[in-house]
Amino acid sequence: MLHRQSVISGVGETAYSKHSGNSVLALHLECALTAIRDAGLDPKDIDGIIPYIGTGVVAEDFVTNFGIPDLRFSATTPLGGASPVAALQCAAAALATGICRHVLIPIARNGASGGRIASRMREAPQFRTVAEFELPVGAFAPAQLYAPMARRHMELYGTTSLQFAEIAVNTRRHAILNGNAMMTKPLTVEEHQASRMIADPLRLFDCSLESDGGAAVVVSRADCARDLRQPPIAILAVAEGHPDSPSAISQRADLTRLGIAKAAPRAFAMAGISHADIDVAEIYDCFTYIVLCQLEDLGFCAKGEGGPFIASGATRLEGKLPINTHGGLLSQAHMVGMNHIVELVKQLRGTAGRAQVKDARVGLVTGYGDMGDGSLAILARD
Amino acid sequence: MATWAMAVWPSWPAIEAMNTHAELPAKPVPDVTPESAPYWEGLRQHKLLLQACAGCGQIRHYPRAVCATCYSIAVTWIEANGAGTIQSWTVAHHPFHPGFKIEVPYALLLVDLAEGVRVNAPLRGDPAGLQLGRAVRLIFENGGQGFVLPAFEYSAE
Ligand SMILES: [Zn+2]
Chain P
1 MLHRQSVISG
11 VGETAYSKHS
21 GNSVLALHLE
31 CALTAIRDAG
41 LDPKDIDGII
51 PYIGTGVVAE
61 DFVTNFGIPD
71 LRFSATTPLG
81 GASPVAALQC
91 AAAALATGIC
101 RHVLIPIARN
111 GASGGRIASR
121 MREAPQFRTV
131 AEFELPVGAF
141 APAQLYAPMA
151 RRHMELYGTT
161 SLQFAEIAVN
171 TRRHAILNGN
181 AMMTKPLTVE
191 EHQASRMIAD
201 PLRLFDCSLE
211 SDGGAAVVVS
221 RADCARDLRQ
231 PPIAILAVAE
241 GHPDSPSAIS
251 QRADLTRLGI
261 AKAAPRAFAM
271 AGISHADIDV
281 AEIYDCFTYI
291 VLCQLEDLGF
301 CAKGEGGPFI
311 ASGATRLEGK
321 LPINTHGGLL
331 SQAHMVGMNH
341 IVELVKQLRG
351 TAGRAQVKDA
361 RVGLVTGYGD
371 MGDGSLAILA
381 RD
Chain E
383 MATWAMAVWP
393 SWPAIEAMNT
403 HAELPAKPVP
413 DVTPESAPYW
423 EGLRQHKLLL
433 QACAGCGQIR
443 HYPRAVCATC
453 YSIAVTWIEA
463 NGAGTIQSWT
473 VAHHPFHPGF
483 KIEVPYALLL
493 VDLAEGVRVN
503 APLRGDPAGL
513 QLGRAVRLIF
523 ENGGQGFVLP
533 AFEYSAE
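Right, here's the structure in full:
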């Protein structure tokens, strides 16, 4: 049981941009140093590292550059965009069993200047199952693979593109408050509706950004974090879940059910709280529809009711469940959701600036990746 | 293994800049494995072959080495009768691969076959007629470089 065994002790981000001018390794080191110093630790205190698979950077790069004397734990969590939150689970497990004391979880990428994410993704082993059969008929990019999930939802439940627009517009509103977001101009529903179709029903403004930059968090064993610089943000619960037919969306019996539907009940049970206790949520938003579907699979509303739930304004800053208060992948930057964890920690510390949710004490962060893998963590300030 | 997948693809601006048919790179062709070879050979004969577990009879798709129900590696191949219904779809407007630049927009269907598995393949017909559950019929198309690919058209009735 990982309940309250570990805390997030430090967070760090670089500036987000379309052209960092730095190497991916340099970006890793920069955000890692920021997170480690934020925690009040020295880089040599790090004794566990979970790098993001696919950036080319490995744990030993940090050993080399920081002179870490005794790295006791390293692992990767290959769940695509669900990796950073899944890495929290991996870190919490390693910390709870006493393997190590302070785990660094970094990600950095030149996702805008370094080449197309859509094409790079298909090189990953997670896509091997479908690549042989679906690339030749013209199904390549995440937008094309996820669009039929959204279409099925729309046809079954009456979900609309205008409801997707509310997600995009609301997220942009929050990005404008952030100060380190790539998108800084307001977005209107009309602009969303007029944006070009990428893979019907997903329009350009239903799709996330491609970004350069880095973000990192440090997870510490609870008893090793009491005297650190920041108020510890406790991990009340963390879980990952894999959907049915995890390597082929096309073969999934229920196209509208993601892996997080399996993980969410485990996490809420571990945390010992109910949905009404969540003050703020950072929901992985590679595409608008994926936000809507996760809110249902998490249990914030019933399956099929995500559209009306979003349209009600519930997820706005002043609503009952403010989400993506930093601007998300849609409007802040695509840091594979590490920026979602960073933002939730800031919210719970009370340092989220103009997007601060008043009295935020308990929050939830999710990850979503590959063909529907999911992860979530429930965090709290004591 | 995956030769096309390992190749560096053209950048987005490069795709945008391609205007003539002559400049278009070839579409990707499958990387055939020992498990999938009968499937591709069947398509060449205009048959959509599905794996049926020799142990328990469970039909599975895409082709793979083991039955997830009884774990048998013994397999027989059955021919799909070609009838199916639409589970969902997308209409691709942006070509994520330069080989598809002159095809957009194209509709890609997820079709529930009568045999209980799904096929992801293009629609040859008017996307305005798309609806969940609509009956479609399997057809076969030249996929280039000796491959035949599945596609669908609306059923006649
Ligand atoms: Zn079997």
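Residue numbers (our numbering), protein chains in the order written: chain P, 1 to 382; chain E, 383 to 539.
Quick reminder that beta carbons are idealized off the backbone N, C-alpha and C, glycines included.
Any heavy atom of ligand 1 within a distance shorter than 6 Å of the CB on residue 451 (chain E)? yes
Name the residue from E:431, E:495, E:460 and E:468 whose alpha carbon lies nearest to the alpha carbon of residue 511 (chain E). E:468
Among E:537, E:535 and E:525, whose alpha-carbon lies nearest the alpha-carbon of residue 422 (chain E)? E:525
Any C-beta of chain P within less than 9 Å: which residues of the stretch 454–477 of chain E qualify? 469, 470, 471, 472, 473, 474, 475, 476 and 477
Our contact map puts residue 378 (chain P) next to residue 362 (chain P) with C-beta atoms below 8 Å; I'd like the distance itself, whole angstroms only. 7 Å
Is residue 105 (chain P) helix, strand or coil by DSSP? strand
Any heavy atom of ligand 1 inside 6 Å of the beta-carbon of residue 438 (chain E)? yes
With respect to 6 Å, is the separation between the Cβ of residue 454 (chain E) and the closest non-hydrogen atom of ligand 1 below this value? yes
Quick one: list the residues of chain E neighbouring residue 109 (chain P), beta-carbon separation under 7 Å, in chain order. Here the premise fails: no neighbours, minimum Cβ distance about 16 Å.
Hey, is residue 479 (chain E)'s beta-carbon within less than 7 Å of any beta-carbon in chain P? yes
Which of helix, strand or coil DSSP assigns to residue 356 (chain P): coil
In the DSSP assignment, what residue or residues form a beta bridge with residue 467 (chain E)? E:494 and E:517
With C-beta atoms as the reference, is residue 213 (chain P) less than 7 Å away from residue 52 (chain P)? no
Buried or exposed (CB count within 10 angstroms, at least 16 for buried), residue 429 (chain E): buried
DSSP three-state assignment for residue 371 (chain P), whether helix, strand or coil: coil
Buried or exposed: where does residue 396 (chain P) fall if 16 or more other Cβ atoms within 10 Å of its Cβ makes it buried? Chain P is shown from 1 up to 382; residue 396 (chain P) falls before or after that span and cannot be answered.
Indicate whether at least one CB of chain E lies closer than 7 Å to the CB of residue 251 (chain P). yes
Using 10 angstroms around the beta-carbon of residue 184 (chain P), count the other beta-carbons present and answer buried if the total reaches 16, otherwise exposed. exposed
Listed from N- to C-terminal order along the chain, which residues in the stretch 255–283 of chain P have their beta-carbon within a distance smaller than 8 Å of any beta-carbon of chain E? 255
Residues of the stretch 142–155 of chain P in Cβ contact with chain E at a cutoff of 8 Å, in chain order, please. 143, 144, 147, 148, 149, 151, 152 and 155
Could you tell me which chain E residues have their CB closer than 7 Å to the CB of residue 191 (chain P), listed as they occur along the chain? Those do not exist, as residue 191 (chain P) stays about 17 Å from chain E at its closest Cβ, beyond 7 Å.
Any Cβ of chain E within less than 7 Å of the Cβ of residue 363 (chain P)? no
How would you label residue 297 (chain P), buried or exposed, when you count the other beta carbons within 10 angstroms and need 16 or more for buried? buried
Does the Cβ of residue 448 (chain P) have 16 or more other Cβ atoms within 10 Å, making it buried, or fewer, making it exposed? Nothing can be reported for residue 448 (chain P): it is not among the residues displayed for chain P, which extend from 1 to 382.
Which value, in whole angstroms, describes the spacing of the CA atoms of residue 254 (chain P) and residue 528 (chain E)? 35 Å
Using the C-alpha atoms, what's the distance from residue 41 (chain P) back to residue 147 (chain P)? 44 Å
So, helix, strand or coil for residue 450 (chain E), using DSSP? coil
What does DSSP give as the partner residue(s) for residue 7 (chain P) in the beta ladder? P:220 and P:234
Taking the CB atoms as reference points, tell me whether residue 443 (chain E) and residue 432 (chain E) lie closer together than 7 Å. yes
Roughly how many angstroms separate the alpha carbons of residue 249 (chain P) and residue 228 (chain P), rounded to a whole number? 44 Å
Name, going along the chain, the residues of the stretch 313–343 of chain P whose beta-carbon falls closer than 7 Å to a beta-carbon of chain E. none
Alpha carbon to alpha carbon, how far is residue 441 (chain E) from residue 459 (chain E)? 9 Å
If you drop the 5 nearest sequence neighbours on each side, which residues of the same chain put their C-beta closer than 7 Å to that of residue 100 (chain P)? 47, 48, 72, 73 and 94
Report buried or exposed for residue 160 (chain P), applying the criterion of at least 16 other Cβ atoms within 10 angstroms of its Cβ. exposed
If we count the other Cβ atoms within 10 Å of its Cβ and call it buried at 16 or more, is residue 449 (chain E) buried or exposed? buried
Pull up the distance between the alpha-carbon of residue 118 (chain P) and that of residue 338 (chain P), whole angstroms please. Caution applies to residue 118 (chain P), whose pLDDT of 49 falls short of 50 and renders its modelled position unreliable; the value that the coordinates give is listed next. Looking at the two C-alpha atoms, the distance is approximately 19 Å.
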